[in-house]
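There are 2 protein chains.
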Amino acid sequence: MQLHKRDVIEAATAILDNYGIADLTMRRLARELDVSPGALYWHFTSKQQLLGAVADRILSPVCAESDIGHWSDRISRVGVRLRDALRSHTDGAELVAASFAAGQSQAAAEILVRLTAAVTDAGIETGQAVLAARTVWYYVLGFTVDEQARLQWDAAGASAVPPAADPDRDFAVGLRLLIDGLTVRASYNAPVS
Amino acid sequence: MQLHKRDVIEAATAILDNYGIADLTMRRLARELDVSPGALYWHFTSKQQLLGAVADRILSPVCAESDIGHWSDRISRVGVRLRDALRSHTDGAELVAASFAAGQSQAAAEILVRLTAAVTDAGIETGQAVLAARTVWYYVLGFTVDEQARLQWDAAGASAVPPAADPDRDFAVGLRLLIDGLTVRASYNAPVS
DNA sequence: ACCTGAACACCGTTCAAGT
DNA sequence: ACCTGAACACCGTTCAAGT
Numbered sequence: 001m002q003l004h005k006r007d008v009i010e011a012a013t014a015i016l017d018n019y020g021i022a023d024l025t026m027r028r029l030a031r032e033l034d035v036s037p038g039a040l041y042w043h044f045t046s047k048q049q050l051l052g053a054v055a056d057r058i059l060s061p062v063c064a065e066s067d068i069g070h071w072s073d074r075i076s077r078v079g080v081r082l083r084d085a086l087r088s089h090t091d092g093a094e095l096v097a098a099s100f101a102a103g104q105s106q107a108a109a110e111i112l113v114r115l116t117a118a119v120t121d122a123g124i125e126t127g128q129a130v131l132a133a134r135t136v137w138y139y140v141l142g143f144t145v146d147e148q149a150r151l152q153w154d155a156a157g158a159s160a161v162p163p164a165a166d167p168d169r170d171f172a173v174g175l176r177l178l179i180d181g182l183t184v185r186a187s188y189n190a191p192v193s
Numbered sequence: 194m195q196l197h198k199r200d201v202i203e204a205a206t207a208i209l210d211n212y213g214i215a216d217l218t219m220r221r222l223a224r225e226l227d228v229s230p231g232a233l234y235w236h237f238t239s240k241q242q243l244l245g246a247v248a249d250r251i252l253s254p255v256c257a258e259s260d261i262g263h264w265s266d267r268i269s270r271v272g273v274r275l276r277d278a279l280r281s282h283t284d285g286a287e288l289v290a291a292s293f294a295a296g297q298s299q300a301a302a303e304i305l306v307r308l309t310a311a312v313t314d315a316g317i318e319t320g321q322a323v324l325a326a327r328t329v330w331y332y333v334l335g336f337t338v339d340e341q342a343r344l345q346w347d348a349a350g351a352s353a354v355p356p357a358a359d360p361d362r363d364f365a366v367g368l369r370l371l372i373d374g375l376t377v378r379a380s381y382n383a384p385v386s
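Order-wise, the sequence lines are chains Z and D.
Going by this note's numbering, the first residue of the first sequence is number 1, and it counts up by one from there.
Going by this note's numbering, the first residue of the second sequence is number 194, and it counts up by one from there.
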C-alpha cells in the first residue's frame with residue numbers, strides 16, 4: 001500500500017489526540033504507519049512542514065465557517081470557533097502556535113486575513129487593521145495554550161492552581177475587551193455625522 | 194571549582210544569546226561548564242526548571258522597574274519594558290512563553306500580579322482584572338515571539354515576508370487597543386458622578 | 001555534599017541502494 | 001517514483017560509584 005500525504009496527516013493527528021505533542025515524533029509516526037522514518041521525508045521536507053499540515057487540518061473547521069454579519073459578531077465567532085478547534089485536539093493550541101511562528105500554517109494566515117477584514121469593516125484603517133487582527137490572534141492562541149497547559153498540570157496531580165470555574169466566560173471577557181477597544185479606535189476614524 | 198546555580202544560569206544565558214534556544218541543551222551547557230551532564234541535575238531537577246531560572250533572569254529588569262503613575266501608563270510601561278527585556282536575548286520571548294506555560298517562571302507570575310494591580314486601579318473588578326492582565330501578557334508575548342521569529346526568517350534569507358518598517362509603533366498600536374478596551378470596561382463599573 | 005561515567009531510551013535528517 | 005537500511009550526530013535523564 002502506497003503512502004499518501006493524507007494518511008500521514010491522519011496518523012499524526014491520531015498520535016496527537018491520544019498521546020500529545022511530545023509523542024508526535026517522526027520515528028513514532030513512521031512506526032505507526034509501518035514505514036521507515038526516511039519514507040516520511042519523501043512526502044514532507046521536514047518535521048516542521050508536516051506539523052504545518054497537521055495545523056491546517058486542525059484549523060480547517062474554522063476556515064469552513066461562514067463569515068457574515070456585524071464585524072463584532074464575526075470576530076467573536078472566529079475567536080470562539082478557533083478556540084473550539086484548538087481544544088478538540090490534545091496540545092492543539094501549542095501545535096498551531098508553533099506552526100504559525102514557523103510560518104508553516106496556510107490556514108492560520110487565512111484566518112488572519114478574515115480577522116483583518118472584520119476589523120477593517122469596523123472602520124479601522126488598513127495598516128492598523130492587520131495589527132489589531134494579530135492582537136486577537138495572539139489572545140486566542142495565548143489563552144488556549146494556557147488553558148490546555150493547565151489541563152496537563154491537573155492530570156499530573158498539581159493541585160496548586162485550581163482549574164477555572166467557567167473558562168468559556170473567562171475567554172469571553174478578554175474577547176469583549178478587544179472588541180471594546182476596536183469600537184473606540186473605530187470612532188476616531190468615523191466620518192463626522 | 195564548585196559549580197553554583199548562578200554560574201549555570203549565566204552560562205545558559207550566554208548560549209542563548211550567542212546561538213539561540215535550539216542550542217541550549219543540557220549536554221551543550223555541561224560541556225561549556227566543563228562538567229558532566231549529570232552534574233546539572235544536582236542543582237536543577239529538570240531542564241524545564243533550569244529554563245525557568247533563565248526566564249526569571251531575563252525578566253528581572255522588568256520586575257525591578259518602578260510601578261507608579263496612572264494605571265494606563267503603568268500598563269504601557271510594563272508592556273514596553275517586557276518587550277525590551279525579551280528582545281535583549283535571542284529567542285527570549287519563546288523561552289519565557291514556554292517557561293510561563295510550564296509554570297516555571299516566578300518572575301512572570303510577579304509581572305502578572307503587577308498588571309492585575311494596574312487593571313484593578315483602572316476600576317475593573319477583581320475577577321475580570323486577572324483576565325484582562327493575562328490578555329495584555331498574551332499580547333506582549335505573542336507579538337514578541339512573532340517579531341523574533343521573523344528575524345530568523347530574514348537571517349535564513351526568506352525574503353517572502355518583508356520586515357516591519359516600524360515595529361515599535363506597531364507594538365504600541367495593539368497596546369493602545371487593549372488600554373482603550375479597559376477604559377470602556379472601567380466606565381461600566383464607574384460610580385455615577 | 002557534589003560530581004563522574006556510563007548507560008538507557010530515545011531524537012531529526014540524510015542518502016546510497018534497492019524495487 | 002517511492003521506500004528501506006543504516007548511519008550520523010545528537011538529545012534528557014538516571015544512578016551506581018567515586019571523592
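Backbone N, C-alpha and C define an ideal beta-carbon position, used for all residues, glycine too.
Because the structure is a prediction, the values reported are computed rather than measured.
{"Query": "Z/G103 at chain D interface by Cβ criterion, 8 Å", "Result": "yes"}
{"Query": "Contact between the segment 244 to 251 of chain D and the segment 289 to 301 of chain D (3+ Cβ pairs under 8 Å)", "Result": "yes"}
{"Query": "Outcome for D/I304 when other beta-carbon atoms lying within 10 angstroms are tallied against a minimum of 16", "Result": "buried"}
{"Query": "Z/A22 burial status per 10 Å Cβ neighbour count (16 or more: buried)", "Result": "exposed"}
{"Query": "Buried or exposed (CB count within 10 angstroms, at least 16 for buried), Z/I68", "Result": "exposed"}
{"Query": "Ordered list of alpha helix (DSSP H) runs contained in the segment 55 to 105 of chain Z, each at least 4 residues", "Result": "71 to 87 and 92 to 101"}
{"Query": "Beta-carbon gap between Z/A117 and Z/I124 smaller than 8 Å", "Result": "no"}
{"Query": "Length of the line joining the Cα atoms of D/T376 and D/Y234", "Result": "48 Å"}
{"Query": "Pairwise C-alpha distance: Z/M1 and D/V224", "Result": "Just to set this straight, residue 224 of chain D is Arg in the shown sequence, not Val. Straight-line Cα distance between these residues: approximately 46 Å."}
{"Query": "The segment 154 to 169 of chain Z / the segment 363 to 372 of chain D touching (three or more Cβ pairs under 8 Å)", "Result": "no"}
{"Query": "Backbone CA spacing between Z/R77 and D/Q321 [nearest angstrom]", "Result": "21 Å"}
{"Query": "Identity of the residue in D/A342, D/T238 and D/N382 nearest D/T319 by Cα", "Result": "D/N382"}
{"Query": "Terminal residues of the alpha helix (DSSP H) in which D/F336 lies", "Result": "T319 to A348"}
{"Query": "C-beta atoms of Z/M26 and Z/K5 nearer than 8 Å", "Result": "no"}
{"Query": "D/L226 versus D/L288 - alpha carbon distance", "Result": "21 Å"}
{"Query": "is_contact[Z/T135, chain D] using C-beta, thresh 8 Å", "Result": "yes"}
{"Query": "Three-way DSSP call (helix, strand, coil) for D/D200 in this model", "Result": "helix"}
{"Query": "D/V354 in three-state terms, based on DSSP", "Result": "coil"}
{"Query": "Z/A101 beta carbon near the ligand FMN (any heavy atom closer than 7 Å)", "Result": "Questions concerning the ligand FMN fall outside what the structure shown contains, since it holds no ligand whatsoever."}
{"Query": "Cβ neighbour criterion (16 or more within 10 Å) applied to Z/V113", "Result": "exposed"}
{"Query": "Min CB distance D/A248 to chain Z below 8 Å", "Result": "no"}
{"Query": "Check whether D/G374 and Z/G142 have beta carbons under 8 Å apart", "Result": "no"}
{"Query": "Cα-Cα separation, D/Q242 to D/S281", "Result": "21 Å"}
{"Query": "Neighbour flag for Z/V145 against chain D, beta carbons, 8 Å", "Result": "yes"}
{"Query": "Cβ-based contacts, 8 Å cut-off: residues of the segment 2 to 23 of chain Z near chain D", "Result": "none"}
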